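Chains as they are written, first to last, in this note's numbering: chain E, 65 to 687; chain V, 65 to 687.
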């Protein structure tokens, strides 16, 4: 990556100009020490002295990018410890174009009434005829603009109130936040700052953490960013992470990791959009129950033990700083409510976004992430269940899997002549396969008879099928120039089939329990971080979703973050989310007598019972 | 003061046994260093080593009372720096018998529903059939016992909730506090501690600070204590203190002083009643607006400047620790609402206690403290005003004035033969005169013609009238043995007359503005720290109150603290207080065209217009 900058530009600014977003919490003031980089030749740069580097680091030509300017052309390397992260962030520089921006603000459906607002108030100063105290005067003025029957003010705000109001002639901006039925005066500033109020919505995934930056004054998403969950070193699924935390007393560490990830996303978004962190007044999170517990350092241990209980399903809003989230120091952190230990607020967000809780007809909602949660119901009833699908469709545990970023194969088909056609995100040379590409691959291998109904490769069927390090593998893209080949292995396929089987078994349990037939389904909503262009028909082909006409199946992307944003922008949506979370009936699959049978039957492609999938035929079947 | 103790008893315990309550915040553990005393002969005691004494102090035979035991008879002196305070505390050892305990809990009038409660809850632990999250389980259990539609839980409570509940098999004590219409889970403890829940009600006077210790489980006052406000060095009235704070940027110092006073009272009460500070969950304060501002470090500067505005009249409850008050670290501090800059929450408490806001007939309420606030009205309307009476009737600015404690002359009369009869609190030898005694003195001197209608001594009238250091003075009690004489000086009388004139002028303005005649008054309620036995008739004799039959005048003592306790014990009383504060009409006397005239006329005894006081006749007048 090359970039030209003016003499005197800091390496940090130069990196940003080149699209490389280095961590820099202090905003380039030189006191956070996060923007360490290595310069090839120390004499090509000039650094201000700093106490944040060890003698060893200095010997290695490590400098703080924000405190260093180039004297001539210079090659800068991001240190190894930062590589993974920087690499991801680099990819994410383009990712926001492809991120789920579709489920935008439903301001038309729910009334626009954000959880945190900035309002400019112009009060008449006190006179001899009106000596109302400042605090009461403020409340009166706020209530002229918004509905706030029950108000609260923090002690620190109260202490500075009078001096501030007299200093600005009673023209001030009040940041107000909603907490249940109360309204808190979060902050007060002299003058009018009501035009700058931002929020970050976060999908706390077990594998991937996604953040959207929202302008609360205009109700629009202005940027997005994603990163892998850095807890992943402690276990691919959250059960393993809970065990790790218990065994190593690492709850704080687990919190630090996810908080760090969220902060990194926030800082990146803020830097890119030139927003001061103090202007971000709200963070709203949706995620599975365990991830919300980790974020807040609530005790998650009983999530994994019978009878599987959460510390809190409904988490009250707290000051974001209390959890270590770096936004406005008095800003609020909201978490959407969850249903049960294994059905989190991400699923509540999904039900909210798809609006199945308002429809007369029955809908099915399936969210394929590290787990596969399924909801069935309508405006009168909702049932839900969770299968431990595994993160295969998020690209994890798959040799060339990756999440939806530049270079990911997002669509793939095997043509009649046997050749493979694919499309990558950003149309660059393929570097891996994201969820939608994996779904296509599985369906196409099966449809073309390269793999049988049990998910095993049919040997000698195809020259692209070879023995690799990890057993049989199928070459999707040959090596070319400096690019490695891209393959899918038998182990990858086993992982993907297990995932789809878990989801379908869960769907079957819910449908049978409620005596719902496939033809009763008015719509199926498939959510997850597959990528942006999912061929929903393929989900039926592999037997992940019931066999209904393709027009009834809707790919809805990341509904977790879409729901979080909806709630962020409307108090009525939060009330709806609370109603959804409070009324959904949870089915515990682990203790369900039929689940294991259903799972074993669903491990076939599309299923052992082909009558369930009348529309699906593989080349092999036809033969 | 002499006391006998067992060998090995610490000097601190010995002092307590003798009724001398030395400050000791650490409870005798030897680390607060507050209980310094001087021993006459160091060889008569044995002290544990301590780092809290300077070499100078050691040379002066100063020891920590809690770390020192007597080896033989020993004389112990309280060091000069502690004298005033210790002397007060000594007096207060008996004061609680005489304190205003009459305005007790109006549990019969207002429903018993304390602002902070401890409730013991026994929940069913989760099962496979009931996996409600702990936080929601707790709310359900709380709502089975109390009405709490809107609940809040602090983040720290949420974080420890699950481990605590599993550890105590879901049997826990919850401390809940009311904040406006919301209910906060303040604390949660394993097991049943619901029988121990205490509160301290405080009257924040400009001159005197009074605290009552209340058992919230039984709704009874169990002890009381009082001290002088240690801000007094910075000015006798709060206007001077505000000026001092502004000129010396001493707002923090001002807060520290009053917080220190309150903490001293709390610690003294807790030690005496063997209550752990953590068991005190609530502090409730009433006081004038400036004192509440000082306590919370709200900006008080505009209280003294036109248009005379408070920072806050309605102060939301805060965590007591935020203001530096030493009770349970999550306990709450409430302040009653005030009406205006010069009519504070002590007056709202008075209106609440006397219930004049519920009566059909018109009542007059006058609270004589450092200021003299007056309220007139009934259930339909209330008007109020404040005169800067000065603290004369609290014993301040009067040569031998003192507040109501042991040895204070509380009643005095001049018999027909000219001899003086008096009664002291605790029936000890007189050491000074408290408010009720001063009122008697003034009235008796006037009634007996020793002083004329302008409040000047009539020279040569009486042998007890002599020229003292400060001009003419009248001897009330001759010197005897080691006791000094007790006199009242011309300057004392001038101060007292100014006070009464201010109050009466305020009453006249309110009555004339509302066209209320003396015969329209159904009752007069006189409040203040006069002492416990006030001859209300004397208040008419000197012209402080309108001339109505004595049976219509009620001395109601310290209604500030009585009202605070009422609110403490009943949410409905708090609502009533808020309604009172919000509906009272304030008359600004400083800008009132007639006030100065009324004041000048009231500087006579009883008044220039004798027709206003048909029942009052002095010996002189008769002659």
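Glycine is no exception: its CB is placed at the ideal position from the N, C-alpha and C atoms.
None of the values given here were measured: they were computed from a predicted structure.
What residues of chain A sit near residue i, judged by a beta carbon separation below 7 Å?
i, result
"residue 227 of chain V", "Given the protein chain composition of this structure (E and V), no chain A is represented."
Going by DSSP in three states, residue i sits in which element: helix, strand or coil?
i, result
"residue 404 of chain V", "strand"
"residue 463 of chain E", "coil"
"residue 687 of chain V", "Here residue 687 of chain V scores only 38 on pLDDT, less than 50, and its place in the model should not be relied on; the value that follows carries that caveat. Coil, per DSSP."
"residue 130 of chain E", "helix"
"residue 123 of chain V", "helix"
"residue 346 of chain E", "strand"
"residue 175 of chain V", "coil"
"residue 362 of chain V", "coil"
"residue 234 of chain E", "coil"
"residue 70 of chain V", "coil"
"residue 521 of chain V", "strand"
"residue 76 of chain V", "helix"
"residue 383 of chain V", "strand"
"residue 309 of chain V", "helix"
"residue 676 of chain E", "helix"
"residue 267 of chain V", "strand"
"residue 564 of chain V", "helix"
"residue 377 of chain V", "coil"
"residue 650 of chain E", "strand"
"residue 370 of chain V", "coil"
"residue 142 of chain E", "coil"
At 7 Å on the CB atoms, spell out the chain V contacts of residue i, in chain order.
i, result
"residue 195 of chain E", "371, 372, 373, 404, 405"
"residue 190 of chain E", "371, 373"
Near residue i, what residues of its chain come up, given a Cβ to Cβ distance below 6 Å and the 5 sequence neighbours on each side ignored?
i, result
"residue 368 of chain E", "303, 306"
"residue 534 of chain E", "553, 555"
"residue 404 of chain E", "650"
What in chain E is Cβ-close to residue i, meaning under 8 Å?
i, result
"residue 376 of chain V", "197, 198, 199, 200, 222, 225"
"residue 210 of chain V", "Those within 8 Å of residue 210 of chain V in chain E number zero; the least Cβ separation is about 17 Å."
Go through its chain and collect everything with a Cβ distance to residue i's Cβ below 8 Å, but skip five positions before and after it.
i, result
"residue 465 of chain E", "456, 458, 459, 496, 497, 498, 502, 556"
Taking 7 Å as the cut-off, is the beta-carbon of residue i closer than that to any non-hydrogen atom of the ligand COA?
i, result
"residue 554 of chain V", "As for the ligand COA, it is missing from this structure, which has no ligand bound."
Could you tell me which chain V residues have their CB closer than 9 Å to the CB of residue i, listed as they occur along the chain?
i, result
"residue 467 of chain E", "The contacting residues do not exist; residue 467 of chain E stays about 30 Å from chain V at best."
Report the neighbours of residue i on chain E: residues whose CB is nearer than 7 Å to its CB, in chain order.
i, result
"residue 655 of chain V", "192"
"residue 217 of chain V", "380"
"residue 386 of chain V", "219"
Using a Cβ-Cβ cut-off of 7 Å (strictly less than) and excluding sequence neighbours within five positions of residue i, which residues of its own chain qualify?
i, result
"residue 58 of chain V", "Here chain V covers residues 65 to 687 and nothing more, so residue 58 of chain V does not appear."
"residue 425 of chain V", "442, 586"
"residue 293 of chain V", "269, 270, 271, 272, 273, 322, 325"
Would you mind telling me which residues of chain E sit closer than 9 Å to residue i, beta carbon to beta carbon, in chain order?
i, result
"residue 366 of chain V", "190, 198, 226, 230"
"residue 484 of chain V", "Neighbours of residue 484 of chain V on chain E: none; closest Cβ ~47 Å, over 9 Å."
Check the Cβ of residue i against every Cβ in chain V and list those closer than 8 Å, keeping chain order.
i, result
"residue 214 of chain E", "214, 244, 245, 246"
Item to complete: Would you check if there are 3 or more beta carbon pairs closer than 8 Å linking the stretch 646-654 of chain V to the stretch 563-578 of chain V?
Response: yes
Item to complete: With 8 Å as the C-beta to C-beta threshold (strictly closer), list the residues of the stretch 232-254 of chain E near chain V in chain order.
Response: 243, 244, 245, 246
Worksheet item: Are there three or more Cβ pairs, one per stretch, closer than 8 Å when the stretch 372-388 of chain V is compared with the stretch 221-233 of chain E?
Response: At 8 Å Cβ cutoff, the stretches touch.
Worksheet item: If you pair each beta-carbon of the stretch 599-607 of chain E with each one of the stretch 376-395 of chain E, do three or more pairs fall below 8 Å?
Response: no
Worksheet item: Does the stretch 242-259 of chain V touch the stretch 203-217 of chain E, meaning 3 or more C-beta pairs lie closer than 8 Å?
Response: yes
Discussion item. Counting beta carbon pairs with one atom in the stretch 199-207 of chain V and one in the stretch 376-386 of chain E, are three or more of them shorter than 8 Å?
Written reply: yes
Item to complete: Count the C-beta pairs between the stretch 123-141 of chain V and the stretch 98-114 of chain V that are closer than 8 Å, then say yes if the count reaches three, no if not.
Response: yes
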